[in-house]
Amino acid sequence: MDRVNNIWYKHALYIIFLFLLSFTTYAQQVIELKNPSLEAEDDMATVLAVDWDSDKPFPNTGPGSGYEPSRPASHGRHWIEMYCRYGYNMYSVPENQLEFYSQAIGQQLAGTLYAGKTYMLSFDLRMPVKEKLHEEVAYGSLVIWGSAARRAEEELLYASGRIYNDDWKRFTAFFTPSKDLQYIRITSAQVGNDTVNVVTFIDNLSPITETLQLDITTGGACPDDSNGFASVNMRNQTENYDFLWTPGDYTTSSVSNLSAGTYQLTVTGKSSGTVSKREVVIPSLDFTTVQSVTGASCYGMSDASIEITASNGQAPYTYTLDNQTSNTSGVFNNLRAGLHIVQLEDQRCVTQVSVNVPEPAPLQLQNVQTKAIICTTASDGQIILTPTGGTYPYSYSINSGRSVSDSIFTNLDDGTYQYTVTDSHLCTVDGQAYIDRNLRDCAVYVPTAFSPNGDGNNDVFRIKLQDAITDYKLSVFGRWGQLVYESNDPHSSWNGKLKEMPLPAGSYVWSITYTNSSRQPIKQTGVLMMIL
1 MDRVNNIWYK
11 HALYIIFLFL
21 LSFTTYAQQV
31 IELKNPSLEA
41 EDDMATVLAV
51 DWDSDKPFPN
61 TGPGSGYEPS
71 RPASHGRHWI
81 EMYCRYGYNM
91 YSVPENQLEF
101 YSQAIGQQLA
111 GTLYAGKTYM
121 LSFDLRMPVK
131 EKLHEEVAYG
141 SLVIWGSAAR
151 RAEEELLYAS
161 GRIYNDDWKR
171 FTAFFTPSKD
181 LQYIRITSAQ
191 VGNDTVNVVT
201 FIDNLSPITE
211 TLQLDITTGG
221 ACPDDSNGFA
231 SVNMRNQTEN
241 YDFLWTPGDY
251 TTSSVSNLSA
261 GTYQLTVTGK
271 SSGTVSKREV
281 VIPSLDFTTV
291 QSVTGASCYG
301 MSDASIEITA
311 SNGQAPYTYT
321 LDNQTSNTSG
331 VFNNLRAGLH
341 IVQLEDQRCV
351 TQVSVNVPEP
361 APLQLQNVQT
371 KAIICTTASD
381 GQIILTPTGG
391 TYPYSYSINS
401 GRSVSDSIFT
411 NLDDGTYQYT
421 VTDSHLCTVD
431 GQAYIDRNLR
441 DCAVYVPTAF
451 SPNGDGNNDV
461 FRIKLQDAIT
471 DYKLSVFGRW
481 GQLVYESNDP
491 HSSWNGKLKE
501 MPLPAGSYVW
511 SITYTNSSRQ
521 PIKQTGVLMM
531 IL
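Taking my numbering, the leading residue of the sequence shown gets 1, the next gets one more, and so forth.
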């Protein structure tokens with residue numbers, strides 16, 4: 001009986017051992033890094049972070065050195081600055097080779113990264129502040145290598161690509177080794193075939209955690225709609241999985257009817273308990289549109305045009321104007337001014353764009369002035385046009401003559417004239433104006449006296465102009481022959497002063513020269529009495 005009990009006891013222990021072995025085999029692997037915040041023993045420029053390896057040239061340890069010695073770490077006190085630069089490398093073999101060389105840190109891991117398994121490692125990165133950049137620094141960039149041991153043959157695990165953020169930003173690397181690895185090396189490096197200098201700051205590394213291999217597919221949501229979708233496919237599936245999408249608490253591998261936004265996906269292996277969390281972004285499929293609008297040339301014309309170019313959607317695009325005309329070019333011609341609605345439709349979304357088509361104000365004549373001919377034989381009639389609206393500049397013509405830029409027409413005879421005003425878009429407004437003639441002798445009359453005493457009656461000396469004259473000149477002389485007043489304006493007047501000082505009463509001599517409307521030179525002289 002004791003022998004039977006002993007056999008059953010051993011059998012039970014074996015079953016328990018197999019259960020524990022199975023649990024251990026499928027437990028999620030977590031490898032803690034030593035000194036993940038990259039702390040150093042002091043602030044010396046090239047003191048290595050504790051528990052991390054490096055080869056010369058050693059990276060800078062901050063704060064206290066490097067491009068920005070005063071910038072704080074993202075976690076703890078210290079950070080590491082690594083550069084990859086082109087120059088003379090005093091540590092090369094042979095020495096001082098002109099080459100690209102980089103700084104790096106490395107660590108022997110406390111566990112093994114197994115071939116075929118997927119791992120994640122998070123860290124904070126930044127580049128130098130842009131305003132403080134040396135001209136030769138282009139961007140930041142980080143590369144992670146894995147190997148069986150330090151200085152052994154390496155396998156590329158992760159490359160960040162170019163980074164331009166100058167504040168600390170969290171990055172997460174996912175990698176699947178092709179062979180078992182026990183050592184990682186982290187370095188700064190150029191991207192692709194770039195031949196630039198790179199500076200990268202790193203701090204606050206997470207544990208290396210085994211994660212599930214996920215392929216995530218997403219589709220964006222249209223504006224003001226919930227038609228986005230996401231699905232996850234498990235690579236190298238070895239067990240069944242639970243899925244949780246939040247917000248929304250969806251529990252399937254594929255979800256639909258999603259609004260644009262950020263979702264958290266948690267995948268848990270039912271047997272192993274391995275958990276993988278990913279941030280999934282459902283983008284908003286907002287169309288980007290470029291509008292080119294040509295307004296109506298004239299008020300009320302139907303010659304405007306709209307050109308809409310859509311992007312960031314799923315081509316081809318269909319454009320519909322005012323629920324009437326559709327095409328795939330986005331060009332609409334022969335339009336009237338006003339508000340138009342263009343509907344844009346791609347393979348998934350429909351949206352609308354409002355386009356305001358302008359037009360100039362109506363071209364009108366604000367004022368039409370005419371000046372009658374001054375006397376019987378003269379030809380000094382005028383038409384003065386003052387337009388408004390339309391599109392400046394304007395041109396003017398009368399009686400179908402050539403267009404000019406001057407809105408004043410002079411030296412006209414009496415009669416009716418047809419005028420036309422044209423703006424820069426060839427919009428026109430026309431009408432007619434009549435010039436009258438004063439039937440009287442053509443002459444210039446000069447008064448014999450005036451009294452500048454401020455009583456409002458005959459206070460100034462002014463000629464009475466009754467002819468169309470040119471080349472006018474008036475001179476007034478004092479009793480000793482000195483010039484006291486002179487003018488070339490036939491409409492001017494004299495107030496009896498010389499340099500703003502009143503002159504004494506008495507007689508003054510005047511002289512007028514001009515060309516009359518018959519193109520004859522005339523000279524008139526006489527005596528003027530100033531009475532106070």
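Just so it is clear, CB atoms sit at the ideal spot from N, CA and C, and this is done for glycine as well.
Keep in mind it's a predicted model, so treat the numbers as computed, not measured.
Among the options, the one whose alpha carbon lies nearest that of residue i
i, options, result
"M120", "N453, Q29, G454, S379", "Q29"
"S405", "Y396, Q466, D413", "Y396"
"A27", "I308, S271, L465", "S271"
"S178", "L344, P247, T309, Y114", "Y114"
"L214", "Y183, K117, G389", "K117"
"I383", "I374, T370, G390", "T370"
"R235", "S284, S188, T176", "T176"
"N204", "N35, S70, S253, T328", "N35"
"D436", "P69, N411, R519, L181", "N411"
"N334", "M301, S326, D249", "M301"
"D286", "R278, F243, G219", "G219"
"S74", "E153, L48, F123, G192", "F123"
"N233", "T252, D225, D224", "T252"
"Q347", "N495, G313, N457, V357", "G313"
"T112", "M82, D430, A104, P207", "P207"
"G431", "R402, A337, Q364", "Q364"
"D441", "K464, R479, Q103", "K464"
"C84", "I184, G76, N453, I105", "I105"
Under 7 Å between C-beta atoms of residue i and residue j
i, j, result
"Y445", "Y514", "no"
"I144", "I202", "no"
"A260", "A221", "yes"
"E359", "A296", "yes"
"V342", "V355", "yes"
"V267", "S256", "no"
"L125", "F171", "yes"
"Y263", "V280", "yes"
"T388", "Q366", "yes"
"G269", "E239", "yes"
"V357", "A304", "yes"
"Q103", "P57", "yes"
Own chain residues within Cβ distance below 7 Å of residue i, not counting five before or after
i, result
"F477", "L483, V484, Y508, V509"
"Y139", "M127, R162, I163, Y164, V198"
"S424", "T391, Y392, P393"
"P398", "One detail in the question is off: residue 398 reads as Ile in this sequence, not Pro. So the list reads I383, F409, Y417, Q418, Y419, once near-sequence residues are dropped."
"I531", "A449, S451, A505"
8 Å CB neighbourhood of residue i in its chain, flanking five on each side removed
i, result
"L21", "For L21, the predicted structure reports a pLDDT of 36, less than 50, and the residue's modelled location is therefore unreliable. A value from the coordinates is still provided. So the list is empty, once near-sequence residues are dropped."
"D489", "Y472"
"S493", "V460, F461, R462"
"T328", "P316, Y317, T318, Y319"
"G248", "V255, L258, Y263"
Residues near residue i in its chain [Cβ-Cβ closer than 6 Å; skip 5 each side]
i, result
"H78", "L38, E39, A40, T61"
"A159", "V143"
"N516", "D467, I469, I522"
"L18", "Below a pLDDT of 50, predicted positions are generally treated as unreliable, and L18, at 38, falls in that range; no measurement from the model is reported."
"S511", "S475, T525"
"T25", "Residue confidence for T25 is low, a pLDDT of 41 falling below 50, so the modelled location carries little weight; the figure read from the coordinates is stated next. Closer than 6 Å at Cβ, skipping near neighbours: no residue."
"M529", "A449, S507"
"L109", "I31, Q182"
"S407", "L385, Y396"
Start-to-end residues for the beta strand (DSSP E) that takes in residue i
i, result
"T195", "Taken as a continuous stretch (DSSP letters only), T195 belongs to no beta strand (DSSP E), as it is neither H nor E."
"D124", "118–126"
"L385", "381–388"
"G496", "First-last for G496: undefined, no H or E at that position."
"H340", "338–345"
"D242", "241–246"
"P504", "Looking at the DSSP string, P504 is not in any beta strand (DSSP E), and its letter there is neither H nor E."
"E155", "154–159"
"G106", "104–113"
"W145", "142–147"
"V476", "470–477"
"S395", "395–398"
"N356", "350–357"
"I184", "181–188"
"R170", "169–175"
"V460", "Segment: none, V460 is in no beta strand (DSSP E) and carries neither H nor E."
"E136", "No beta strand (DSSP E) contains E136, which DSSP labels as neither H nor E."
"V368", "364–371"
"E210", "208–211"
"F58", "Neither: F58 is in no beta strand (DSSP E) and is coded neither H nor E."
*Which runs of the beta strand (DSSP E), 3 residues or longer, sit entirely within the region 263–342?*
275–282, 288–294, 304–311, 318–321, 325–327, 331–335
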